[in-house]
Amino acid sequence: MTDREWDDCPHSDHMLMPLHGWMQEAPSRHRALDRKLRLFAVACCRQRQELFTDPYCARAIEVADGQSSSAETKELYDTIMSLPCDDAQAHAIHNVALKLIGAGGLQAAMGAIMDLAVATGWDDFRSITAAQAPLLRCVVGNPFRPVALDPRWRTTTAVDLGEAIYADRAFERLPILADALQDAGCSHPDVLGHCRSPGGAHSRGCWVIDLLLEKT
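In our numbering, the protein residues as written are 49 to 264.
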């Protein structure tokens with residue numbers, strides 16, 4: 049896959065394959081990509097929040113997003129494991145919830161694709177992966193065209209905005225962040241374009257926010 053193909057790829061499952069290869073080729077990338085893929089899985093589940101009618105499975109989304117202690121994570125995992133599954137949809141949602149909080153990032157991402165397809169119905173598989181592809185681009189960026197952080201971009205204004213957007217998931221403020229980055233000397237088209245993309249899919253783990261806040 050090339051950088052252009054990544055930008056144009058219409059389906060999330062096709063995009064996971066090169067990322068899996070990257071993780072195998074360079075263990076040093078594993079930690080960062082593991083976190084990224086888990087946050088992608090969280091974003092996919094938020095996209096289909098209506099399927100998470102069980103409160104414990106819904107809580108798994110928040111836990112995977114980093115809003116919990118390890119003790120709560122274990123207790124929640126055990127609780128979901130003990131829940132009855134009355135049909136295929138419930139079984140699929142339980143599966144993806146367990147992967148969110150108990151498996152690696154790649155497994156969670158695969159679960160967000162496959163298990164959500166089962167829960168929704170295989171006839172909708174391609175509409176699901178098409179809706180997820182922009183989320184994966186938001187979280188990972190373009191791995192074939194990486195962007196290096198210029199320290200000058202980390203002004204107090206830009207960092208404060210980035211931290212607020214991350215904490216509140218206030219992605220409607222990204223165009224304001226683009227202005228702050230531009231004021232700090234940033235002219236990178238990928239950075240500014242992502243922040244200003246009209247109607248773009250954004251989620252926690254956004255590659256621009258992570259770059260600015262030096263999150264790994």
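Ideal Cβ positions, reconstructed from N, Cα and C, are used throughout, including at glycine.
Do you know whose CA, among the options, lies nearest residue i's CA?
i      : options                        : result
ILE257 : ILE213, PRO237, GLN230         : ILE213
VAL124 : ASP135, ALA138, GLN137, ILE109 : The sequence shown places Leu at residue 124, not Val. Ranking ASP135, ALA138, GLN137, ILE109 by Cα distance to LEU124 puts ILE109 first.
PHE219 : PRO246, ALA228, SER251         : SER251
ALA136 : ALA160, GLY152, LEU164, GLY114 : LEU164
TRP30  : TYR104, LYS122, VAL188, GLU120 : Residue 30 cannot be examined here, being either before or after the span of the chain that is shown, 49 to 264.
ILE224 : ARG244, ARG217, ASP216         : ARG244
GLY114 : LEU87, GLN97, ALA138, LEU99    : LEU87
LEU290 : HIS139, THR50, HIS242          : With the chain covering 49 to 264 only, the question about residue 290 has no answer from this structure.
Assuming residue i and residue j make a contact with CB atoms under 8 Å, what is their CB distance in whole Å?
i      : j      : result
LEU146 : MET129 : 7 Å
ALA181 : GLN95  : 11 Å between Cβ atoms; not a contact.
LEU64  : MET158 : 7 Å
ARG79  : THR264 : 7 Å
TYR104 : THR127 : 5 Å
If we count the other Cβ atoms within 10 Å of its Cβ and call it buried at 16 or more, is residue i buried or exposed?
i      : result
SER117 : exposed
CYS133 : exposed
ALA160 : buried
ALA156 : buried
ARG185 : buried
GLY216 : Position check: residue 216 holds Asp in this sequence, whereas Gly was assumed. That one is exposed.
ASP61  : buried
Would residue i and residue j qualify as a contact pair, given that the criterion is a beta-carbon distance under 8 Å?
i      : j      : result
VAL90  : ALA106 : no
LEU183 : CYS57  : no
ILE149 : ALA167 : no
TRP201 : ALA232 : yes
ASN143 : ASP55  : no
ASP102 : LEU131 : yes
LEU261 : GLY210 : yes
Measuring only from the beta carbon, is residue i closer than 7 Å to any heavy atom that is part of the ligand SAM?
i      : result
ALA156 : As for the ligand SAM, it is missing from this structure, which has no ligand bound.
Report yes or no: do the segment 76 to 83 and the segment 206 to 215 share at least 3 C-beta pairs separated by less than 8 Å?
Judged by Cβ distances under 8 Å, the segment 76 to 83 makes no contact with the segment 206 to 215, as fewer than three pairs qualify.
With three or more C-beta pairs closer than 8 Å as the rule, is the segment 165 to 181 touching the segment 218 to 237?
Contact annotation: the segment 218 to 237 does not touch the segment 165 to 181, with fewer than three C-beta pairs closer than 8 Å.
Would you call the segment 242 to 260 and the segment 191 to 202 touching, i.e. three or more CB-CB distances under 8 Å?
Contact between the segment 242 to 260 and the segment 191 to 202 is present, because at least three Cβ pairs lie under 8 Å.
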